[in-house]
Each structure stands twice: as structure tokens, then as C-alpha cells.
Amino acid sequence: MAPQHWKLERDADGIAWATLDVAGSSTNTLGSAVMAELAGLLDALDRQPPKGLVIRSGKATGFIAGADIEEFTRIDSPAAARALVERGWSLFNRLAAVAYPTLALVRGHCMGGGFELALACRYRLAVDEPTTRMALPEVMLGIYPAWGGMLRLPRLVGPAAALDLMLTGKGVDARKAKRLGLADDCVPPRVMESAARITLLSGREPRRLPLMQRLLNGPLKGVVAGKARQQTAAKVRPEHYPAPFAIIDIWARHGGNALAVPADSPASLEAIFRSPTARNLVRVFYLQERLKAFGKDADFAPKRVHVVGAGVMGGDIAAECALRGMIVTLQDQSIERIAPAIARAAKRFERKFRGQPREVRFALDRLIPDPAGHGVAQADVVIEAIFENLEAKRALLADVERRARPDAVLASNTSSLRIADIATGLADPARLVGVHFFNPVAMMPLVEVVRTAATGDEAFRRAAAFVRKLDKLPLPVKDEPGFLVNAVLGPYMYEALRCVDEGIAPEAIDAALTAFGMPMGPIELVDTVGLDIAVAAGKALAGADAVLPKALAEKVAAGQLGKKSGQGFYRWEAGKAQKAAAPGVPDGLARRILAPLLAATENCVAKGVVEDADLADAGVIFGTGFAPFTGGPLMHSRSAGAAGH
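Going by my numbering, the first residue of the sequence shown is number 1, and it counts up by one from there.
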């Protein structure tokens, strides 16, 4: 039968070019049919060996996105998981052992199993384009790279760099791939085929690690593994996230071969497959993909953005837009008020484009101070990000509406006011949509896209498309107080503050919740957000007569506003909370503080703030950092209920 996914051609020099173009899919993935065809292709090359083999993609979207996740989710037993691993491990070992030279021509994303295939080749050539990324992100799904990545990557770049990539799942671009030694060269697209041919036929010996790195990969493995375990344990717990600890063990004790791990070991395929973490993280992956799909149907590519309000939120939103190639005009009452936002943006650009001063300069050139607001007239998107005052926002947006283009998206970044109330000042309320970013804008992936009963479909779709252009995740929410994220965070933070009023130490409260799996404890979170903001949000959600936790009210009255003032529940130095050692944590404390968050999430689903429970889980994970290994608050409630907790 003719291959469906692979195409094999031989050129005049005797080089075989294997092009992967998975039928019926926009991306290349390594499902069982694709792997079977690759085995057949190697059979054909065994019968008639080429001068060399180049493996490349026939897709515009990238090289190979990794294993077929859908196929992975259908695995129903440890034996089936072992069979899947065995197939990839054996096939890539076979590719690595062929007598002729092999080269992976990597253009676009090269992830997971796709990267492991590239590692099995003698050479790798990275095409210098913004979309080229190499990564082993399996750990993000609660699993590990078992098709040879744990064996070959440490041999190629040394154990420290390899473990860093495998334990974080983070990707590297084409230039960094060359610097690390992942790629033999980094070339522009116009010469990629000729460069592949030259490299393949060069006879160059594969890269050899310096002696010290070889020792760290061999006799000194235990030292590296011990340090890696220590660093990993400082970030996550093995009972929550077993995969990173398993990666270290499999590399250190089993030569990177997952098939060699005894079934009763916590690092075994059987243990990882049975772990609820893997199931929940795969669920989180699908939730993320669902959020990414919002806004896809809008044919909207904003080129100019106008932001009114150069405070922390407005300035940082403007910087993200400039970073993504948009021309941004930033308005406030004076140049002096805009200057700090430009200074912060410059630091952000320098971090993002380290070693590329021209890119930093170009990004800064796209961020234009505009105290008079001239940019409104040209903008595709206008975002209001001023202080939380209904009348001020209403008047501002009414003025913007008169001056903006009729097709421009008008958006408010309010966190506590209703969009419908702001829209009453507009001639056409259908134009206004909420785009609620979270602080810090650069780090937080979620943006709530808020629609009122009056918001037009096109305005909503365009707003969601704009959020995707910033590489953020749009979550559609209904115009209810606090939307989703603040509506669930508020009760959680206030319950923690009531515990402080009862005499429980802030350190004990934070320790209980970080032990549960939250990225930051609720008291440190209040300090980070700002105690004055916590008061304002509490009143907006519960009404002006809401009874504030006593300790919160006293600290705000004393001007102790948290991180920004240097003192809140903690003293802050160099951006870090100075905490005493946590005293004993009372039994059930985490459960007590989480209960209002779980109840508020259920309530938001019942009220239709989000469409369904899955979107509620997605929003709370990506908007608050709620422990991803649980699958989200509602999934956690269901699991705890089933377990009788």
C-alpha cells in the first residue's frame, strides 16, 4: 500500500529526502500509522542505502508537534503504555544506528517525540525563523520523553542543560539551539536545502562533549542527579508531580531507558500511567487548546492599538502589544506619567530580546507616548485602563467612541465594574467589550473577554482574536461582578484573611496552600495584589457595606499596602516577601480556605458566567495558577468527593 504520510525521494547526489506530511491534519504528529510508515521507509533504505537521509516536514506549520496526544489518551492499560514506548524507543534506536549519515531539517516547532526523532539523527539543522522551537514538553503532561530523549539529550548538550530542558519543558529558538549544541547550525530558509546537503555529506564527526561534561554524564552522575532532585523538590512535590523526579531517576539509574525501570518503582511507566496527575495535565492541555480556539473565526489582524492609562496595567498591556509587532500609542495626562511605563517596557524588551539590541530598539520604536490621544483615530483596538471609577470610564469611552474609527474594537480592562454600566455612556453599547488582563501581564496567560447582553458578536470575536495575537488565552465570560477569576479569588483571599484575624500566622496559611499545590499562598497574594486593591475588589463584589477582615482594614488605614509600599502582612525587600519560619499548620486549614473558592466556582457555572464546568476549571487554572495537577477546582471537588474527602 502506498504511504499516506511520508514521501521518499532520491536526488542526483544519492541523497534520500523523507518528507513528513500527515494526511488530513494541519500539523505533523507521530501516531501509530506514521511510525509504521517510517519503519517501512527505513526498510526500503536498508535494501538500497542512500548517501545520506534528510528528514523534513511538508507542513507550513512546523516540523513535528510530537506524539499523537489523542492516541495517547486512548491508552487503557499499563501494557498498552509500555507497547507505545517500546515502539518509539526501538524505532528511533534503529534510526540512530543506520550506517549512512542522517539529518533532521528543523523548520518550525519540533516538540516531544518530534525532537526525539531529530536527536536520533546524526545532524540537526535549525532554520532561523521566529516559529522554530525545540522542546521536550512531556513533563507538562505529567509524562516523560521515553523515545530516547532522556538517553540522547544529555550526551549531546551535557546533563545540566539537558535536565533543565526536560524538567521545565521550555523550548529554545534556532539560535539558542545552535549555541547549546542541539543544532549543528542555524541557517536562513533560503539556503536550508543546500546547507542540509553540505552538512550531510561533510563527514563531520558528531559533536563530542568536553571531558568534564562526559564525567558528569558518567561517574559523577550521582552528584548531578542529587542537585537536580534538590532543585526540583524546592519547586514541586513528588506526590503532585511525579514525572520530573522520574526523569532524573531514569537518566541517573537506567541510562535514560524507561523500559528498564522496574514496575514497582515510582519512576516506572506503570506508576506514571496510573498517576492522576498525567490524566489531569492532559485534560489541562485540552482545556488550553479550547481557549486558543476562541477568536479563530474572526478575520482580524490588529496593527495599531491605543491604550489610555499608563499605570502598571495599561503600560504593561501596551508593552505586550508592542512586543507582538503592533504599533501602540500610550495615553495619560502627561509625558511624565507615561515615562515609567516606557522604562518598564524597555526592561521587558531587553529580557525578551537578550543579545538582540536591534529588536529591542524596534519594539521601543513601536511604543509611542501620546498624551493628547491622537492615536485613537488610527487604532484597530482602543483599550481603557484607567483607575476604577465608573463615571470616569464612562466619560472617557464616550469621548473615544466619537473619535475612533467605526470598526475599531472598544475595550475596557476593568476588574470590578460591570461593562454594561460603563457602556451606558456610548451611543452604540454593542461596541464595548471587556478585556480583563491579570497582573503581571507578561506572565499571566489568561485574559477574560467580557460580553454584556448588548455586546455585538463581531466585537466579541475581534476582541478574542486580539487576545490570541498577544499569545494569551481568551476566556469568554458574562458581565457579572468579578467576572470569573476575581469572583472566585475574592472569597478565597478573604477566608485566608479571616484566619489571620483568628490569630493564625500568615506564614502557616501560606505554607498550607503552597503544600496543597498553589503557586503562592493567599496572604502573599494579597500583599502582591495590593491591600487597597483587595479592599476595593471586596467592596465591589460584596457591596460597599461589606465587613472587611480586621487585619486588612487596619493595615490599609496605616498605609501598609503590601509589596508596593514595602510592608503589608510581610515586609518586602528587593521584590521578595520576608517570611518567618512557618509555625505548625492546623489540620484542615487548606481545605477550609479553599472551600469558598470551590463554592464560588460552582456558583459561577450555575449563573452562566462561563459556559460550562470545563471553562471554569480552565479559567481558574490559567487565571489564578490553581494547582494544575488537580485538573482544576471542579475536577478537584469531584475527585475529593469520589475519594470520600
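Heads up, the beta-carbon is just placed ideally off N, CA and C, and yes, glycines get one too.
Span separating the alpha-carbon of glutamate 495 from that of alanine 557: 20 Å
When Tyr492, Val328 and Gly503 are compared against methionine 518, the one with the closest alpha-carbon: Tyr492
Three-state secondary structure (DSSP) of alanine 398: helix
DSSP-derived helix/strand/coil call for histidine 374: helix
Closest residue to aspartate 365 among Ala318, Ala379, Glu336 and Arg354 (Cα-Cα distance): Ala318
Cβ neighbour criterion (16 or more within 10 Å) applied to proline 633: buried
Neighbour-count burial assignment, isoleucine 335, 16 or more Cβ in a 10 Å radius: exposed
Beta-carbon contacts of proline 474 that lie in its chain and below 7 Å, excluding the five residues immediately before and after: Leu291, Phe294, Gly295, Val447, Val449, Ala464, Val467 and Arg468
Completely contained alpha helix (DSSP H) runs for the region 434 to 513, where each covers 4 or more residues: 457 to 469 and 485 to 501
Cα-Cα separation, valine 605 to leucine 136: 35 Å
CB contact below 8 Å: phenylalanine 626 versus chain B: The structure shown has no chain B; it contains just one protein chain.
C-beta atoms of glutamate 350 and alanine 536 nearer than 8 Å: no
Per-residue DSSP class, three states only, for serine 637: helix
Segment limits, alpha helix (DSSP H) that includes arginine 229: 221 to 233
Exposed unless 16 or more other CB atoms sit within 10 angstroms - verdict on tyrosine 144: buried
Burial state of arginine 47, where buried means 16 or more other Cβ atoms lie within 10 Å: exposed
Close Cβ partners of leucine 141 (< 7 Å) along its chain, the five nearest in sequence each way excluded: Ala278, Leu281, Val282 and Phe285
Tryptophan 251 in three-state terms, based on DSSP: helix
For serine 565 and glutamate 401, the rounded distance between their alpha carbons: 37 Å
Boundaries (first-last residue) of the beta strand (DSSP E) holding alanine 411: 409 to 412
The alpha helix (DSSP H) enclosing arginine 133, as first and last residue numbers: Unbroken run through arginine 133 is the beta strand (DSSP E), 133 to 135; no alpha helix (DSSP H).
Nearest-angstrom beta carbon gap, arginine 462 and alanine 298 [assumed within contact, 8 Å]: 5 Å
Element boundaries [alpha helix (DSSP H), containing valine 529]: 522 to 529
Those residues which DSSP pairs with aspartate 264 across a bridge: BP columns for aspartate 264 are empty, so no partner.
Beta carbon of alanine 177 nearer than 8 Å to that of alanine 246: no
C-beta contact flag for alanine 83 and phenylalanine 273 at 8 Å: no
Status (buried if at least 16 other CB within 10 Å, exposed otherwise) for arginine 107: buried
Own chain residues within Cβ distance below 6 Å of histidine 645, not counting five before or after: At histidine 645, the pLDDT of 49 sits below 50, so the modelled position is not reliable and the matter cannot be decided from this model.
According to DSSP, residues forming a beta bridge with isoleucine 15: Gly52
Proximity of glycine 309 and alanine 385 at Cβ, strictly below 8 Å: yes
Distance between alanine 640 and phenylalanine 353 (C-alpha atoms, nearest Å): 44 Å
Cβ-Cβ distance between leucine 367 and isoleucine 383 below 8 Å: no
Proline 340 to glutamine 333 span [Cα, whole Å]: 13 Å
Proximity below 8 Å, CB of methionine 35 to CB of glycine 88: yes
Buried or exposed (CB count within 10 angstroms, at least 16 for buried), serine 637: buried
Cβ pair threonine 168, aspartate 184 closer than 8 Å: no
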